[in-house]
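**Q** These protein sequence lines are chains A and B, in that order. Heads up, the first sequence is in the working numbering, so the first residue is -13 and it goes up one at a time. Heads up, the second sequence is in the working numbering, so the first residue is -13 and it goes up one at a time.
There are 2 protein chains.
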Amino acid sequence: MSTPVDIILKRNQLSITDSRKKILELFVNNSGALEHADIEKKTGEKFDRVTVYRTLQSFLEKGIIHTIPTSDNSVRYALCKDDCKEGHHHDNHVHFLCNECHTTMCLEDVTIPEVKLPVGFQPAEYQMVVSGTCKECR
Amino acid sequence: MSTPVDIILKRNQLSITDSRKKILELFVNNSGALEHADIEKKTGEKFDRVTVYRTLQSFLEKGIIHTIPTSDNSVRYALCKDDCKEGHHHDNHVHFLCNECHTTMCLEDVTIPEVKLPVGFQPAEYQMVVSGTCKECR
DNA sequence: ATTTCATTTGCAACTTTGTTGCATTTATAA
DNA sequence: TTATAAATGCAACAAAGTTGCAAATGAAAT
Chain A
-13 MSTPVDIILK
-3 RNQLSITDSR
7 KKILELFVNN
17 SGALEHADIE
27 KKTGEKFDRV
37 TVYRTLQSFL
47 EKGIIHTIPT
57 SDNSVRYALC
67 KDDCKEGHHH
77 DNHVHFLCNE
87 CHTTMCLEDV
97 TIPEVKLPVG
107 FQPAEYQMVV
117 SGTCKECR
Chain B
-13 MSTPVDIILK
-3 RNQLSITDSR
7 KKILELFVNN
17 SGALEHADIE
27 KKTGEKFDRV
37 TVYRTLQSFL
47 EKGIIHTIPT
57 SDNSVRYALC
67 KDDCKEGHHH
77 DNHVHFLCNE
87 CHTTMCLEDV
97 TIPEVKLPVG
107 FQPAEYQMVV
117 SGTCKECR
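(1) Whole beta strand (DSSP E) runs in the segment 23 to 62 of chain A with 3 or more residues, listed along the chain?
(2) Drop a sphere of 10 angstroms on the beta-carbon of Cys92/A, count the other beta-carbons inside from all chains shown, and report buried for 16 or more, exposed for fewer.
(3) Apart from the five residues just before and just after Leu20/B, which ones in its own chain have a Cβ nearer than 8 Å to its Cβ?
(4) Taking DSSP as the reference, what is the three-state secondary structure of Leu158/A?
(5) Starting from the C-beta of Ser60/A, find all residues in its chain whose C-beta is less than 7 Å away, skip the five residues before and the five after it, and write them out in chain order.
(6) Quick one: is Gln113/A near chain B, going by C-beta distance under 8 Å?
(7) For chain B, is any of its Cβ atoms less than 8 Å away from the one on Thr44/A?
(8) Along the alpha helix (DSSP H) that carries Glu11/A, what are the first and last residues, could you check?
(9) Based on the DSSP output, what are the partners of Cys66/A in its beta bridges?
(10) With a cut-off of 8 Å on the beta carbons, I'd call Gly30/B and Thr89/B a contact; round off their distance for me.
(11) Can you give the Cα-Cα distance for Pro109/B and Ile54/B, rounded to whole angstroms?
(12) Determine which residues share a DSSP beta bridge with Pro109/A and list them.
Structure follows, in structure tokens:
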């Protein structure tokens, strides 16, 4: 039988391994974004650091997850809602960073507004992160 | 005599030292944002890594520079246009990241548009980064 | 100009984070 | 069940960031 996680892996031509299943499950079951350290903790350091790096890398390449810009030196990943085209996907939603619980989440329903750039600037991608207090913490 | 850089330091109650002068000059003379590694390179590794970290930290605390969100694990800093209030400053402009020359720059004239968040979300700060091709590279 | 004193710097030692090559293990398909 | 390509874990490393402390320096007062 195929679990939801297996289906995602298959659809992206990734072989179904223990680490990929466990790590992808984390994203599916977590509403917020995860960074490398979170994953190591949540899997109980069951997998090698290298494996986690490589797993995240391949999820990223396949468009299963996307990164969220942060002001610090961490890299945060979140599940792409639906299938994103391999390579370039459309991540046109706003991200929210809660200053209380420090969770980063996707606001799938909030579309990034267009902005008028100075002459000569050719936009390709827009990223927007709003920080403040989230629904749960207020 | 006081150079422009000296004035900025004095205004922020920072003693005028060699490293602070040189590093602040980099920001004043560079249009784009700088990360730690850039600063070490551009100063010719004249200053200890620790000094650079501490200098950036104090500039940040005084509101002389601000960070720009990035999707990777780097931290990019740029000069605050005018005096920002110590601690919380208003960095309500859009940032542009060029995919050709990899420069990150402040678009001071482009204000981040407001977005309507789902009920319960209390915004405090907005960040927006547009990537694409800049004025110089097209 | 000289002295004083708090601040800043550089060094050393360390922790954490991320990378690479390679042998072993595992998943998939024949 | 077996063959084989892919994924994993280990080891060794490289890079990034931190901390404590002694020495050097800047600013203010004499």
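Backbone N, C-alpha and C define an ideal beta-carbon position, used for all residues, glycine too. Owing to the predicted nature of the structure, the values given are computational and were not obtained by experimental measurement.
**A** According to the data block:
(1) For the segment 23 to 62 of chain A, whole beta strand (DSSP E) runs of length 3 or above, ordered along the chain, are 51 to 54.
(2) Burial call: buried.
(3) By the criterion of a C-beta distance shorter than 8 Å, Leu20/B is surrounded in its chain by Leu12, Phe13, Lys28, Arg62, Tyr63 and Ala64, once the five residues flanking it on both sides are discounted.
(4) In the structure as shown, chain A starts at -13 and stops at 124, and residue 158/A therefore has no counterpart that could be examined.
(5) Excluding sequence neighbours, Ser60/A sits near Glu21.
(6) Output row for Gln113/A: interface = yes.
(7) Note on identity: in this sequence residue 44/A is Ser, with Thr being the wrong assignment. Not one chain B Cβ lies under 8 Å of Ser44/A.
(8) Looking at the DSSP string, the run of the alpha helix (DSSP H) that includes Glu11/A is Asp4 to Asn15.
(9) Cys66/A pairs with nothing; no bridge assigned.
(10) Not confirmed; about 21 Å, so no contact.
(11) Those two C-alpha atoms are separated by around 18 Å.
(12) According to the DSSP secondary-structure assignment, Pro109/A is paired through a beta bridge with Gly118/B.
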